[in-house]
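Residue numbers (full-length UniProt numbering): 1 to 600.
No residue lacks a Cβ here, since even glycine has one placed at the ideal position from N, Cα and C.
So the structure is just underneath, and the comments pick up after that.
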């Protein structure tokens, strides 16, 4: 007998007969009894059976089924017709509902953390109600009755998709898979479309047409990963021209002064190089300090793992010895019981032996509690000390990074001051030259318009003023007005239009230069504040996480010890001889257990 693998025909040849496993499974699951639904009783039965396999699971069952901690559920071969009552498992990550009679995907919207969903070997005819599964990576719909691949637009993280042995006939369904950017593995075997001669060629053509898009997508993913890394270094975009270009985005005055001429162009290039150099230096030291922090994090993680493993090994060794000794004591009590059964006597005949055995049990329980708590207290002290050392390192590292960055930001501010000081000199020269030239040209034109006259001509001018006026208007006046108009055009063209509003007078010029300087300074200050605040916030969050994690670990360990001892006490008191002795009040149970919890 040979079983079929995924993508092969799942037929089994026995003798001369060929059986289809799909029919075998469905007959086994559905033919004997009427299909049912997922209800509370079924879920409780499955979970209780699974949890009882492990000691930790039995502990969890003490206070009822902890639905908030369940991450996997397997409901297979249960003749399930309808999905229901799974909404309570908010943190479920893996759900297997294969080999049932399910006809519709429904009532799973609340399982937003689901990572794997198996609905293979069912009666599903439509893909639907998957919109909330944004974290889903594995989906199996193998051996159903689906004819169209649809309603999977939100499954952006899906990596493995099995939809073989369905009723898909159109190759357009293959094209739909383009919407799944992370799809790595696809099974479409035993569909109508996959049996056509050109299916493989069409599929490859689709892949080739997507090659360029895949390259772009991977490039984008790489850029996003780099951007995320740079954010963790607190230096995002400081390796680019982004900060410098932001200086002039909203600086209309600064952009206008760039139009003065070659001197400003040269000054601007020097200014740009200085800002970019300091920005890149901040980026580089940010990455250096990040690598240092990562290396220290690895060392820290490695050291605490070793400490925890050593403490755990010591605890386990003592617990095993304790359980071995306890087993021997249990055998003694059981032998008492066998003796009483043979003699048909009451426990009162061996009251002294029972009390002595119970005292030994209490001493053993108290002793192992002290040992386990000693190990945990020692581990807690080691963890606190290690965390404190790690916290000091992180604090020193972040402070050193901030100090180095502040020095470079200070260099940027010096560059801004130098740039605007030199720009002011060039702008004032341009302003003075522009206004002196304009006044000179105006005076020359005025002299041509008002022709100077000597005293001998006064009478002539007085007697014949009309003729002189006409002469001015007709000869010199007309030529001068033409020159005046031309000169005004030349003066206007000598100053770029965007620059004119800022050099109309000296006060406006100085205010414009000051406004540009202040804006550049503000942008550098803001970027420095962002770096410092994010670095300090990260430090605080990291330290708080360390403290919180150790508190939770210590608390869970103490609870684990308490539950372990409580379990041993319950097993001890469940022994028939001890139980009867307690009933007859020959033994009095302690009011509290070794960790001070009242016995229920």
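- The C-beta distance from residue 533 to residue 253 rounds to 29 Å, too long to meet the 8 Å contact threshold.
- The three-state secondary structure of residue 187, taken from DSSP, is strand.
- Under DSSP, the beta-bridge partners assigned to residue 116 are 94 and 138.
- DSSP places residue 306 within a helical segment (H, G or I) once states are collapsed to three.
- Exclusion of the five residues before and after residue 408 leaves 278, 281 and 282 as the residues of its chain whose Cβ lies within less than 7 Å of its Cβ.
- Within the same chain, 96, 97, 98, 99 and 100 come within 8 Å of residue 76 by CB-CB distance, once the 5 residues on both sides are set aside.
- Less than 8 Å divides the Cβ of residue 404 from the Cβ of residue 285.
- Beta-bridge pairing by DSSP links residue 82 to 37.
- Taking C-beta atoms as the reference points, residue 138 and residue 86 fail to come closer than 8 Å.
- The secondary-structure analysis by DSSP pairs residue 73 across a beta bridge with 95.
- Leaving aside the five residues that flank residue 500 on each side, none in its chain has a CB nearer than 7 Å to its CB.
- Between the alpha carbons of residue 168 and residue 146 lies a distance of about 7 Å.
- Taking C-alpha positions only, residue 80 is separated from residue 122 by approximately 9 Å.
- Cβ atoms of residue 569 and residue 365 come within 8 Å of each other, at about 7 Å.
- Here DSSP, grouped into helix, strand and coil, assigns residue 561 to helix.
- Around the CB of residue 551, fewer than 16 other CB atoms lie within 10 Å, so the residue is classed as exposed.
- Residue ranges of uninterrupted beta strand (DSSP E) with 3 or more members, entirely inside the stretch 131-181 and ordered along the chain, are 138-140 and 160-162.
- Within a 10 Å sphere around the beta-carbon of residue 433 sit fewer than 16 other beta-carbons, which makes this residue exposed.
- For residue 576, the enclosing alpha helix (DSSP H) begins and ends at 576-583.
- In this structure, residue 390 and residue 300 form a Cβ contact; the two beta carbons are roughly 5 Å apart against a cut-off of 8 Å.
- In this structure, residue 106 lies away from residue 73, with their beta-carbon atoms at least 8 Å apart.
- Cβ neighbours of residue 528 within its own chain (closer than 8 Å, five residues either side excluded): 405, 406 and 409.
- If you draw a straight line from the Cα of residue 220 to the Cα of residue 111, it is about 30 Å long.
- Taking residue 89 as reference, the option from 65, 233 and 161 with the minimal CA-CA separation is 65.
- The DSSP assignment places 252-257 as complete runs of the alpha helix (DSSP H) inside the stretch 248-317, in order along the chain (cut-off: 4 residues).
- When the alpha-carbon of residue 232 is set against those of 549, 556, 536 and 563, the nearest one is in 536.
- About 6 Å separates the beta carbon of residue 415 from that of residue 271, a gap short enough to meet the 8 Å contact definition.
- Residue state for residue 392 is assigned as helix, using DSSP reduced to three classes.
- Residue 332 counts as exposed, since fewer than 16 other C-beta atoms from the protein chains shown sit within 10 angstroms of its C-beta.
- Taking the Cα positions, residue 320 is about 48 Å away from residue 156.
- Taken through DSSP and simplified to helix, strand or coil, residue 368 comes out as helix.
- Annotated three-state conformation of residue 229 is helix, per DSSP.
- Spanning the alpha carbons of residue 542 and residue 292 requires a straight line of approximately 16 Å.
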